[in-house]
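Residue numbers (this note's numbering): -6 to 116. Just so you know, even glycine gets a beta-carbon here, dropped at the ideal spot from N, CA and C. Being a predicted model, the structure only gives us computed values, none of them experimental.
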Amino acid sequence: SAKSPMTGIVTPDLKSPTLRDEDHTVTMPRKTQIKAIKKDGKLSYHILFRVLDNPYETFDDLKPFGQLYRETFDNKGNSRYLIGDTSSLIEAAILLKKVKQAGYPISFIAEYKNGNFVKIINQ
């Protein structure tokens, strides 16, 4: 009978790190995510400037250049980060140059159809 109270004391102590981990996990989805590309049936061009395993990046430094978009493409959180939304390849090329000059030299024009990635446009 002396062991039962001892076990009762030890068990909560062992579980408390798990509770802290769960609390930490619960707060993660509360972060604001960059919105996804519109599924409007149209062809659109965007600048793909990063692919990361974190769907919660914000890239505040690029906000002056246009709307930011995120496409999470697997269940691990891997996400493409894009900026701009145009039906003009010429406008996309101009934005690509600005994004590269802003410190993202490995950037590309990405073609999307109805909000889905189609291909990279080589410039």
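Local Cβ density within 10 Å of residue i, reported as buried at 16 or more and exposed below that
i, result
"L36", "exposed"
"Y102", "Position check: residue 102 holds Ile in this sequence, whereas Tyr was assumed. Flag for I102 reads buried."
"L45", "exposed"
"K82", "Here residue 82 is Leu; the residue named in the question, Lys, does not match the sequence. Label assigned to L82: exposed."
Residue range of the beta strand (DSSP E) that includes residue i
i, result
"L61", "61 to 65"
"T79", "72 to 79"
"N115", "Careful: N115 lies outside any beta strand (DSSP E) and carries neither H nor E."
Separation of residue j from residue i, as counted between CA atoms
i, j, result
"G70", "R63", "11 Å"
"Y49", "I113", "23 Å"
"D67", "R73", "10 Å"
"I99", "F42", "7 Å"
"D33", "Y105", "11 Å"
"I87", "G108", "21 Å"
"T51", "I40", "15 Å"
Residue interval of the alpha helix (DSSP H) (run including residue i)
i, result
"L82", "82 to 94"
Inter-residue CB distance, residue i and residue j (contact presumed, cutoff 8 Å)
i, j, result
"A95", "F58", "7 Å"
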